[in-house]
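Protein sequences, first through last, are from chains Z and Y. Take 6 as the starting number for the first sequence in this note's numbering and just add one per residue. Take 316 as the starting number for the second sequence in this note's numbering and just add one per residue. Cβ coordinates follow ideal geometry from the N, Cα and C atoms, glycine included. First the structure, in the form of structure tokens, and then the observations on it.
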Amino acid sequence: MRILVVEDENILCQQIQHFFADKGYAVDVANTGKDGLFMATEYPIDAAVVDIGLPDFSGIELIRQLRKKDIKVPILILTARSRWQEKVEGLEAGADDYLVKPFHYEELQARLNALIRRSAGLAHPVLKFGQIELDTVAQEVLLGNEKLELTAYEYKVLEYLMLHKGEVISKAVLTDHIYDEDFERDSNVIEVFIGRLRKKIDPDGTLKPIETLRGRGYRVPINPE
Amino acid sequence: MSTALVLVAFFAIVAFVLERSFRESAEQTLKEKLQVQIYALLSAADLKDSGELTMPPNLPEPRLTNPGSGLYGFIQLIRKTPTLIWHSPSAIGLGQPTIPPDLSPGHSVFLLDDQGRYALHYNVIWSSRRHVEREFVFTVTEDIEFVGNQVQQFRASLSLWLLVIGFCLILIQFLVLRWSLKPLRIMVKDLAAIEKGEKNRLDGVYSTELQGLAENLNTLINSARTHLERYRNTLADLAHSLKTPLAILRGCSESFIDNKETVQEQINRMNDIVDYQLQRAAAKGEQKITGGADLSAVITKIISSLKKVYLDKHIVFSVSVPPSCLIYCEEGDLYEIAGNLLDNACKWCQGKVNVNISLKNNKANGDFSVMLQIDDDGAGIPEGKLREILKRGVRADENIHGHGIGMAVVNELVGLLGGKLLGLKSKVLGGMCWRVYWP
């Protein structure tokens with residue numbers, strides 16, 4: 006998943022970036038509303054965390070402008086002011102959820118995951134494909150009753166594909182959503198991850214959860230064959 | 316009232332002075348009348364050559380001939396001692412009047428004698444044709460009732476007129492005061508409207524004398540509003556500036572191994588205190604400078620927002636609110652009250668939340684005009700804890716997690732607005748039921 010963090014306080018911004026990076030997210034950061042608007046418009050982000058108190062214009066104004074541009078990514082607002090009037094104002098402007106500072110990072114991650122999942126049209130936090138179960142809250146993958154050991158990047162690739170079941174996801178799109186803007190795009194690392202994933206989640210080669218569509222990308226079918 | 320008292324005192328003095336003047340005037344009139352009678356007696360008297368004074372049987376004044384008529388005539392011869400030589404038929408049975416010692420010939424004295432009669436004494440020396448000189452004192456007296464009755468009538472008439480004039484004056488004074496105080500009443504009405512939040516400033520048309528006062532009051536109101544706004548902004552900025560460092564500290568504490576729990580606990584405590592104090596201080600409570608807020612609109616907006624936040628719970632809201640329900644308080648305070656109650660209902664419910672606004676008076680709960688009721692189908696709060704929550708509100712760090720600051724702030728705000736917060740078991744959904752009564 007690729008998320009955008011718009012926060013003017015550098016230390017807090019870095020903390021959020023490191024936290025999500027450690028959890029396997031691709032994280033882009035912006036310190037001003039203007040940068041945030043540019044990045045949200047130009048980069049294929051899956052969700053955004055926006056602080057209300059930005060130096061150039063307010064986070065609420067940023068959300069309004071994004072919604073005006075028809076950018077529908079889920080947005081979570083961070084606010085220092087816990088007055089209900091401000092929370093409602095933010096949600097009315099187009100945010101999907103709010104979190105009052107100071108917050109627990111686990112709660113931020115859970116709320117953000119819920120938003121991403123909901124934006125993909127999935128009501129339940131556990132995504133299923135045959136015997137494969139991917140828990141977006143615990144970030145675990147089970148094959149039958151057996152827990153699989155996946156690396157953070159392998160999990161991210163599988164989660165993204167399962168969140169977009171039935172859709173053909175190109176290698177470029179997958180790269181965009183797994184890595185942040187500094188990643189070397191010519192690398193064939195995605196192919197390596199797909200190969201490893203197939204071995205782990207479908208050791209017998211019978212379930213075929215990830216299809217390769219030559220020259221177009223990868224796809225998790227809506228239902229197993 | 317004080318004006319009426321002054322008026323009564325003034326009229327009493329006026330009545331006293333007028334009565335005294337009238338009495339003096341009546342006495343003067345009587346004196347002149349008695350003088351005429353003296354002259355009549357003098358003209359009727361005949362001094363013989365022997366020096367004997369005789370009076371005709373028919374006197375010019377009929378009252379002098381009727382006994383007890385009130386008008387009496389006497390003639391005394393002055394020798395060593397005064398001797399009564401004649402009295403009018405009307406004076407039968409009456410004693411001899413006492414002649415004042417300082418009465419010299421050719422002079423008269425008017426006085427109220429010891430027998431309760433006004434008397435005019437006139438001393439005259441008469442000489443007969445044989446040059447026999449005799450000194451006589453002619454006295455005419457009149458009963459005191461003559462003046463007393465006149466004064467009595469005058470007093471009755473005076474009292475009646477003074478009463479009528481006094482009543483008219485008080486009535487006129489009342490009307491003049493009412494008319495002259497009209498601008499002040501308009502100003503009082505406008506101030507009440509400002510207090511209720513219906514107006515922002517004194518904008519009525521006042522008399523020239525009151526315009527300065529109105530301008531000063533407007534300046535004062537603006538100044539109070541600006542101070543309050545600055546105070547709230549300062550608090551908000553303070554909280555805002557504290558919250559980000561707290562967030563950073565919390566982030567740092569994730570990596571502390573030994574003191575992680577202590578640091579987290581202290582951060583939570585600081586955060587709770589900032590939250591609580593900020594919400595308490597930012598709450599306006601009874602101050603109603605900037606106008607009322609629509610509870611129905613606030614609830615609709617909050618529910619719309621909470622539907623987003625609790626999307627996963629698929630909460631079914633049953634909302635029964637009037638199109639508009641104006642409460643005279645800050646909109647922010649209404650957001651705090653309704654927001655905290657609705658957020659708690661959404662947090663703890665299984666899937667149903669009922670919101671109801673009732674505009675009827677509830678006799679069982681005193682004179683309240685608006686009641687907001689929020690029911691949920693959650694587990695509810697045990698009665699013991701419920702009482703504890705409603706009694707709290709002093710120290711944020713004592714509050715129960717999940718129902719702490721929010722409910723304490725709601726309770727305090729509702730109290731400041733003169734309302735009442737009631738928590739009970741929901742009869743409709745079986746969970747918690749919160750009722751807020753506004754006066």
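Cβ shell of residue i (< 7 Å), same chain only, five flanking positions each side left out
i        : result
Y:Lys514 : Asp505 and Ala508
Z:Val225 : Phe134, Leu166, Met167, Lys170, Pro214 and Ile215
Z:Ala115 : Val142
Z:Lys152 : Glu145
Y:Thr318 : Gln488
Y:Arg710 : Below a pLDDT of 50, predicted positions are generally treated as unreliable, and Y:Arg710, at 37, falls in that range; no measurement from the model is reported.
Y:Met585 : Leu561
Start-to-end residues for the beta strand (DSSP E) that takes in residue i
i        : result
Z:Arg7   : Arg7 to Val11
Y:Val455 : Glu448 to Asp458
Y:Met502 : Looking at the DSSP string, Y:Met502 is not in any beta strand (DSSP E); the run it does join, the alpha helix (DSSP H), is Lys497 to Lys511.
Z:Ser124 : Not the beta strand (DSSP E): Z:Ser124 falls in the alpha helix (DSSP H), residues Tyr110 to Ser124.
Y:Cys748 : Met747 to Trp753
Z:Val32  : Ala31 to Ala35
Y:Ser442 : Arg432 to Ser442
Y:Tyr387 : Leu386 to Ile393
Y:Asn671 : Lys667 to Ser673
Z:Ala52  : Ala52 to Asp56
Y:Val689 : In the sequence under discussion, the amino acid at residue 689 of chain Y is Ile, which differs from the Val named in the question. Val685 to Asp691 is the span of the beta strand (DSSP E), which, as asked, contains Y:Ile689.
Opening and closing residue of the alpha helix (DSSP H) in which residue i lies
i        : result
Z:Thr143 : The question names Thr, but residue 143 of chain Z in the sequence shown is Ala. No alpha helix (DSSP H) contains Z:Ala143, which DSSP labels as neither H nor E.
Y:Phe337 : Ser317 to Ala359
Z:Arg69  : Gly64 to Lys73
Z:Glu94  : Trp89 to Ala98
Z:Phe25  : Asn15 to Asp27
Z:Arg201 : Val194 to Ile206
Y:Ala406 : Where Y:Ala406 is concerned, there is no enclosing alpha helix (DSSP H), given that its DSSP letter is neither H nor E.
Y:Ser639 : Element bounds for Y:Ser639: n/a, residue is neither H nor E.
Y:Gly647 : Glu646 to Trp663
Y:Lys623 : Leu610 to Val624
Candidates the options, of which the one nearest residue i by Cα
i        : options                                   : result
Y:Gly695 : Y:Lys667, Y:Ser673, Y:Asn671 and Y:Ile672 : Y:Lys667
Y:Ile536 : Y:Glu510, Y:Phe389 and Y:Arg470           : Y:Glu510
Y:Pro637 : Y:Lys395, Y:Gln350, Y:Val624 and Y:Leu687 : Y:Leu687
Y:Gly746 : Y:Val725, Y:Ala723, Y:Gly693 and Y:Met722 : Y:Gly693
Z:Asn36  : Z:Ala125, Z:Arg203, Z:Gln19 and Z:Ile199  : Z:Gln19
Z:Asn150 : Z:Leu127, Z:Asp140, Z:Gln136 and Z:Gly99  : Z:Gln136
Y:Ala551 : Y:Asp590, Y:Gln343, Y:Ser673 and Y:His422 : Y:Asp590
Y:Ile642 : Y:Ala653, Y:Val670, Y:Ser633 and Y:Leu564 : Y:Ala653
Y:Gly607 : Y:Val578, Y:Cys567, Y:Asp648 and Y:Ile393 : Y:Asp648
Y:Cys664 : Y:Glu530, Y:Thr396 and Y:Ile630           : Y:Ile630
Z:Leu202 : Z:Lys77, Z:Gly58, Z:Tyr158 and Z:Ser175   : Z:Tyr158
Z:Tyr223 : Z:Asp13, Z:Ile174 and Z:Val105            : Z:Ile174
Y:Leu557 : Z:Asp209, Z:Pro79, Z:Ile80 and Z:Val105   : Z:Val105
6 Å CB neighbourhood of residue i in its chain, flanking five on each side removed
i        : result
Y:Leu374 : Thr380
Y:Lys740 : Gly695
Y:Ser472 : none
Y:Ser403 : Leu379, Tyr387 and Gly388
Y:Ile715 : Caution is warranted here: a pLDDT of 38 is assigned to Y:Ile715, below 50, making its placement in the model unreliable, and no coordinate value can be reported.
Y:Phe425 : Lys346 and Leu435
Z:Glu230 : none
Y:Ser633 : Asn669
Residues of its chain near residue i, where Cβ-Cβ distance is below 8 Å and the 5 sequence neighbours each way are ignored
i       : result
Z:Tyr48 : Arg7, Leu9, Asp33, Asp181 and Glu186
Z:Thr46 : Leu71, Lys74 and Ile76
### Query
Do the stretch 433-452 of chain Y and the stretch 317-337 of chain Y make contact, defined as three or more Cβ pairs closer than 8 Å?
no
### Query
What residues in the stretch 159-189 of chain Z bring their beta carbon closer than 9 Å to a beta carbon of chain Y?
none
### Task
Could you run through the stretch 57-88 of chain Z and flag, in chain order, every residue whose CB is less than 7 Å away from some CB of chain Y?
Those would be Gly58, Ala85, Arg86, Ser87 and Arg88, in chain order.
### Query
Contact between the stretch 63-73 of chain Z and the stretch 90-97 of chain Z: three or more CB pairs below 8 Å?
yes
### Residues of the stretch 97-112 of chain Z with Cβ closer than 9 Å to any Cβ of chain Y, in chain order
For the stretch 97-112 of chain Z, residues whose beta-carbon sits nearer than 9 Å to a beta-carbon of chain Y comprise Glu97, Ala100, Asp101, Asp102, Tyr103, Val105, Lys106, Pro107, Phe108, His109 and Tyr110.
### Cβ contact check for the stretch 428-444 of chain Y and the stretch 394-413 of chain Y: 3 or more pairs under 8 Å
yes
### Task
Identify each residue in the stretch 611-631 of chain Y for which the Cβ-Cβ distance to at least one residue of chain Z is less than 9 Å, and report them in chain order.
Val613, Lys616, Ile617, Ser619, Ser620, Leu621, Lys623, Val624, Leu626, Asp627 and His629
### Query
What residues from the stretch 37-57 of chain Z come within 7 Å of chain Y, judged by C-beta to C-beta, listed N to C?
Per Cβ criterion, the list is empty.
#### Entry: chain Y contacts from the stretch 11-22 of chain Z (Cβ-Cβ distance under 7 Å)
Answer in chain order: Glu14, Ile16, Leu17 and Gln20.
### Message
For the pair the stretch 453-460 of chain Y and the stretch 347-358 of chain Y, tell me if three or more CB-CB distances fall below 8 Å.
### Response
yes
### Interface positions of the stretch 632-649 of chain Y facing chain Z (Cβ-Cβ less than 8 Å), listed along the chain
Glu646 and Gly647
### Query
Do the stretch 615-630 of chain Y and the stretch 648-658 of chain Y make contact, defined as three or more Cβ pairs closer than 8 Å?
yes
### Three-pair Cβ contact test at 8 Å for the stretch 514-532 of chain Y versus the stretch 40-57 of chain Z
no
### Task
With 7 Å as the limit, tell me which residues of the stretch 659-671 of chain Y have their beta carbon closer than that to any beta carbon of chain Z; keep them in chain order.
Result list empty, no residue passes.
### Query
With a cut-off of 8 Å, do at least 3 Cβ pairs link the stretch 55-64 of chain Z to the stretch 24-32 of chain Z?
no
### Task
Give the residues from the stretch 501-518 of chain Y that approach chain Z closer than 7 Å (Cβ to any Cβ), ordered along the chain.
none
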